[in-house]
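Asker: The opening position of the sequence shown corresponds to residue 9 in the numbering used here, with each subsequent residue numbered one higher.
Using N, Cα and C, we set each Cβ at its ideal position, and we do this for glycine too.
For reference, the structure I am asking about is given below.
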Amino acid sequence: MTLPVPAPRAQGVTPVLPVVAVVVVLALPLGPGGGGPGPADALSALVVVYCAVRLLRGRRRPLPRTAAVVFGLPVVALALAAVTAVSPAAGLSGLGRYLQVFVLVPLAVLLLIRDRRDFRLPAWALVGLAVWQGAVGVHQYVTRTGASYQGQPVRAVGTFGAQDVMGMATVVSLGLVCALGLALGRAPLRERLVAAGFVLVLLPPLALSFSRGAWIATAVACTVQLLLAGLRRALAAGAVVAAVAVVLAGGFGVGQSMLQERVGSITRVTDTPDQSVTDRYTMWAAAAGMWREQPLTGVGLKGFPEHRDSHASLALSSGSDTEGAGAAFRRQPLLSPHNMYLLVLAEQGLIGLLALAGGWLALLGCAVRGVWRARRSGGPGLDCGLVACGLLVRLLTDFSYADIGGPSTVL
Numbered sequence: 009m010t011l012p013v014p015a016p017r018a019q020g021v022t023p024v025l026p027v028v029a030v031v032v033v034l035a036l037p038l039g040p041g042g043g044g045p046g047p048a049d050a051l052s053a054l055v056v057v058y059c060a061v062r063l064l065r066g067r068r069r070p071l072p073r074t075a076a077v078v079f080g081l082p083v084v085a086l087a088l089a090a091v092t093a094v095s096p097a098a099g100l101s102g103l104g105r106y107l108q109v110f111v112l113v114p115l116a117v118l119l120l121i122r123d124r125r126d127f128r129l130p131a132w133a134l135v136g137l138a139v140w141q142g143a144v145g146v147h148q149y150v151t152r153t154g155a156s157y158q159g160q161p162v163r164a165v166g167t168f169g170a171q172d173v174m175g176m177a178t179v180v181s182l183g184l185v186c187a188l189g190l191a192l193g194r195a196p197l198r199e200r201l202v203a204a205g206f207v208l209v210l211l212p213p214l215a216l217s218f219s220r221g222a223w224i225a226t227a228v229a230c231t232v233q234l235l236l237a238g239l240r241r242a243l244a245a246g247a248v249v250a251a252v253a254v255v256l257a258g259g260f261g262v263g264q265s266m267l268q269e270r271v272g273s274i275t276r277v278t279d280t281p282d283q284s285v286t287d288r289y290t291m292w293a294a295a296a297g298m299w300r301e302q303p304l305t306g307v308g309l310k311g312f313p314e315h316r317d318s319h320a321s322l323a324l325s326s327g328s329d330t331e332g333a334g335a336a337f338r339r340q341p342l343l344s345p346h347n348m349y350l351l352v353l354a355e356q357g358l359i360g361l362l363a364l365a366g367g368w369l370a371l372l373g374c375a376v377r378g379v380w381r382a383r384r385s386g387g388p389g390l391d392c393g394l395v396a397c398g399l400l401v402r403l404l405t406d407f408s409y410a411d412i413g414g415p416s417t418v419l
């Protein structure tokens, strides 16, 4: 594959500025009760339009055949699931959301990023967003103005508020993965040291999010990045992170009883599960039941809430309680199984899961191959490959504990 001649710096940055703008918009606070599509979603739609206009003006074939297949198969599967939805409105709404998150926006980003410099700009923007949200989250913990956790307003949620307790955890996790990938690359030493510093800075807010799923997904992604970067770097970076974790836990009071209990609960979820874990397992069983009834096509897009009660056991609660961070007490209904794979399996069947998950694995395979090429050649681009691998592994791991929803979904 031949690369285009690099354009002047001012022109080279221009195509990815709309992508960076989407990241920047997520730094703005949400209004009370917000939790659905927001300004970032609207801006992401403009990014897609901008990309389409550029393609039409350039009059060039946008994608190789393999990429067209990877992104085209989910479109077919989603259209089939929309036809089998409980209502035309639900089908169209679900189709639009899935196309936005898994096809249109990723394609636009892929086509707007032309070289490594373009790739690094959104990556650094994600790191900056994570630092901002993390700083707000740590302030919430210190001043006890966060979301409620075990009856105390100490959960760090950033500007996302109590209505989206996973928003800050997601952003900080993504930023940490980006920072680690940039630190492990072959950029100038100063740039790598700055990235490594941000990795350490983002550890406290990630811990104070009290999100077990975000912890696990981040740990898995960072481990993969370290292993891909080489054994020597993996051991050195692992030792530094372990030392910092000890200092944070013992010296700065981050490892208080609530955090220690939360960490310990990861290994006790099957022995003494709390209500949130019980709800999760119950919804997983309900999703599996829906799939068994319609194994190929599922119950249709947006169909999980409609079929939940007929498949869930009595152990399922009426909702999760949220309050704090400027929001009043609210009980949020449980409208998804909090597992992306089971959600797709329940609503889109085996056809949808193979199309979506197959595309994700294909992208991961391409990213890993790019890392190996960069390592063998010794040239630039290792950091870009590590960031891509880390983000994909983090996403695929997190989907075992979460699904799409909330303002941070656009990331």
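1. Check residue 313 in the structure and name its three-state DSSP category.
2. I'd like the list of long-range same chain contacts for residue 119, defined as Cβ closer than 6 Å, with 5 residues on each side in sequence excluded.
3. Please name the residue in 412, 419, 395, 417 whose C-alpha comes closest to that of residue 127.
4. Tell me the residue span of the alpha helix (DSSP H) that contains residue 101.
5. If we ignore side chains and look at the alpha-carbon of each, how far apart do residue 358 and residue 169 end up?
6. Is it right to say residue 198 is buried, meaning 16 or more other beta carbons lie within 10 angstroms of its own, or is it exposed?
7. Give me the residue from 306, 344, 239 with the minimum Cα distance to residue 287.
8. Using the Cα positions of residue 83 and residue 166, report the straight-line distance between them to the nearest angstrom.
9. How long is the line joining the alpha carbons of residue 202 and residue 240, rounded to whole angstroms?
10. Reducing DSSP to helix, strand and coil, say where residue 365 ends up.
11. Is it true that the CB of residue 415 sits closer than 8 Å to the CB of residue 38?
12. Which term fits residue 301, buried or exposed, when burial requires 16 or more other beta carbons within 10 angstroms of its beta carbon?
13. Which residues mark the beginning and the end of the alpha helix (DSSP H) in which residue 50 is found?
14. If we ignore side chains and look at the alpha-carbon of each, how far apart do residue 263 and residue 178 end up?
15. Tell me the rounded alpha-carbon separation between residue 418 and residue 403.
16. Which runs of the alpha helix (DSSP H) spanning at least 4 residues fall entirely within the segment 380-418, listed in chain order?
17. Hey, how far is the Cα of residue 411 from the Cα of residue 145?
18. Within this structure, are the beta carbons of residue 55 and residue 116 separated by less than 8 Å?
19. How would you write the range of the alpha helix (DSSP H) that residue 25 sits in, first residue to last?
20. Is the segment 83-102 close to the segment 349-363, with three or more CB pairs under 8 Å?
21. Between residue 27 and the rest of its own chain, which residues show a CB-CB distance below 7 Å, the 5 nearest in sequence each way excluded?
22. What's the call for residue 317, buried or exposed, on a 16-neighbour Cβ count within 10 Å?
23. Would residue 216 pass as a contact of residue 149 if the rule is Cβ separation under 8 Å?
24. Determine whether the beta carbon atoms of residue 34 and residue 50 lie at a separation below 8 Å.
25. Just to confirm the assignment: which complete alpha helix (DSSP H) runs, minimum length 4, are found wholly within the segment 167-246?
26. Quick check: the Cα distance between residue 409 and residue 207, rounded to an integer number of angstroms?
27. Using only the alpha-carbon positions, how far apart do residue 114 and residue 30 sit?
28. Going by C-alpha to C-alpha distance, which of 252, 364, 350, 151 sits closest to residue 297?
29. Ordered along the chain, which non-local residues of its own chain (more than five positions away) have a Cβ less than 6 Å from that of residue 235?
30. For residue 323, is the classification buried or exposed, using 16 other Cβ atoms within 10 angstroms of its Cβ as the cut-off for buried?
31. For residue 22, which three-state DSSP category applies?
32. Short of 8 Å in beta carbon distance, which residues of its chain neighbour residue 32, apart from the five on each side in sequence? Order them along the chain.
33. Alpha carbon to alpha carbon, what distance is there between residue 142 and residue 213?
34. Taking the straight line between their C-alpha atoms, what separation do you get for residue 76 and residue 367?
35. What do you reckon, are the CB atoms on residue 210 and residue 399 nearer than 8 Å?
36. Using the Cβ count rule (16 or more neighbours within 10 Å means buried), how would you classify residue 205?
Answerer: Once the coordinates are examined:
1. Against the sequence shown, residue 313 aligns to sequence position 305. Helix.
2. In the sequence shown, the residue the question calls residue 119 occupies position 111. Same-chain partners within the cutoff: 59, 70.
3. Along the sequence shown, one-based indexing puts residue 127 at 119. Per the Cα distances, 395.
4. Here the question's residue 101 lines up with position 93 in the sequence shown. 96-107 is the span of the alpha helix (DSSP H), which, as asked, contains residue 101.
5. Residue mapping note: residue 358 aligns to position 350 of the sequence shown, counting from 1. Residue mapping note: residue 169 aligns to position 161 of the sequence shown, counting from 1. In a straight line, the C-alpha of residue 358 is about 35 Å away from that of residue 169.
6. Residue numbering aside, residue 198 sits at position 190 when the sequence shown is read from its first letter. Burial call: exposed.
7. In the sequence shown, counting from the first residue as 1, residue 287 sits at position 279. When only C-alpha atoms are compared, the closest one is 344.
8. Here the question's residue 83 lines up with position 75 in the sequence shown. Here the question's residue 166 lines up with position 158 in the sequence shown. Rounded to the nearest angstrom, the two C-alpha atoms are 34 Å apart.
9. Position 194 of the sequence shown, counted from the first residue, corresponds to residue 202. Position 232 of the sequence shown, counted from the first residue, corresponds to residue 240. Looking at the two C-alpha atoms, the distance is approximately 20 Å.
10. As a position in the sequence shown, residue 365 is number 357, starting the count at 1. Of the three classes helix, strand and coil, the one that applies to residue 365 here is helix, per DSSP.
11. Taking the sequence shown and counting its residues from 1, the one referred to as residue 38 is at position 30. Taking the sequence shown and counting its residues from 1, the one referred to as residue 415 is at position 407. Yes; because the gap between Cβ atoms is below 8 Å, this pair is in contact.
12. Here the question's residue 301 lines up with position 293 in the sequence shown. Exposed is the call here.
13. Indexing the sequence shown from 1 puts residue 50 at position 42. Where residue 50 is concerned, the enclosing alpha helix (DSSP H) stretches over 47-66.
14. Taking the sequence shown and counting its residues from 1, the one referred to as residue 263 is at position 255. Taking the sequence shown and counting its residues from 1, the one referred to as residue 178 is at position 170. Note that residue 263 scores 47 on pLDDT, short of 50, meaning its location in the model is unreliable and no value can be drawn from it.
15. For this step, residue 418 is matched to residue 410 along the sequence shown. For this step, residue 403 is matched to residue 395 along the sequence shown. Distance between the alpha carbons of residue 418 and residue 403: 12 Å.
16. 390-406
17. Within the sequence shown, the letter at position 403 stands for residue 411. Within the sequence shown, the letter at position 137 stands for residue 145. Each residue's CA atom was taken as its position, placing residue 411 and residue 145 some 22 Å apart.
18. Mapped onto the sequence shown, residue 55 falls at position 47. Mapped onto the sequence shown, residue 116 falls at position 108. By the CB criterion at 8 Å, residue 55 and residue 116 fall inside the cutoff.
19. As a first step, residue 25 must be located in the sequence shown, where it is residue number 17. Where residue 25 is concerned, the enclosing alpha helix (DSSP H) stretches over 25-33.
20. Contact annotation: the segment 83-102 touches the segment 349-363, with at least three C-beta pairs closer than 8 Å.
21. One-based indexing of the sequence shown puts residue 27 at position 19. So the qualifying residues of the chain are 55, 117, 120, 130.
22. Numbered from its first residue, the sequence shown carries residue 317 at position 309. Residue 317 is exposed by the Cβ-count criterion.
23. Taking the first residue of the sequence shown as 1, we reach residue 216 at position 208. Taking the first residue of the sequence shown as 1, we reach residue 149 at position 141. Yes; because the gap between Cβ atoms is below 8 Å, this pair is in contact.
24. Start at 1 with the first residue of the sequence shown, and residue 34 comes out as number 26. Start at 1 with the first residue of the sequence shown, and residue 50 comes out as number 42. No, they are not a contact pair.
25. 173-191, 197-216, 220-237
26. In the sequence shown, the residue the question calls residue 409 occupies position 401. In the sequence shown, the residue the question calls residue 207 occupies position 199. In a straight line, the C-alpha of residue 409 is about 23 Å away from that of residue 207.
27. Numbered from its first residue, the sequence shown carries residue 114 at position 106. Numbered from its first residue, the sequence shown carries residue 30 at position 22. Distance between the alpha carbons of residue 114 and residue 30 is about 13 Å.
28. Working through the sequence shown from its first residue, we reach residue 297 at position 289. Cα-wise, what sits closest to residue 297 is 350.
29. The sequence position of residue 235 within the sequence shown is 227, counting from 1. If the five residues before and after residue 235 are omitted, its C-beta is found closer than 6 Å to the C-beta atoms of 242, all from its own chain and listed in chain order.
30. Residue 323 sits at position 315 when you count from the first residue of the sequence shown. That one is exposed.
31. For the purposes of this step, residue 22 is taken as the residue at position 14 of the sequence shown. It is helical.
32. Numbered from its first residue, the sequence shown carries residue 32 at position 24. The answer, listed in chain order, is 133, 137.
33. Translated into positions along the sequence shown, residue 213 becomes position 205. Translated into positions along the sequence shown, residue 142 becomes position 134. The alpha-carbon of residue 213 is positioned some 5 Å away from that of residue 142.
34. In the sequence shown, the residue the question calls residue 76 occupies position 68. In the sequence shown, the residue the question calls residue 367 occupies position 359. Straight-line Cα distance between these residues: approximately 11 Å.
35. Reading the sequence shown from its first residue, position 202 is the one you call residue 210. Reading the sequence shown from its first residue, position 391 is the one you call residue 399. Cβ distance not < 8 Å, so residue 210 and residue 399 don't count as in contact.
36. Indexing the sequence shown from 1 puts residue 205 at position 197. By the 10 Å Cβ count, residue 205 comes out exposed.
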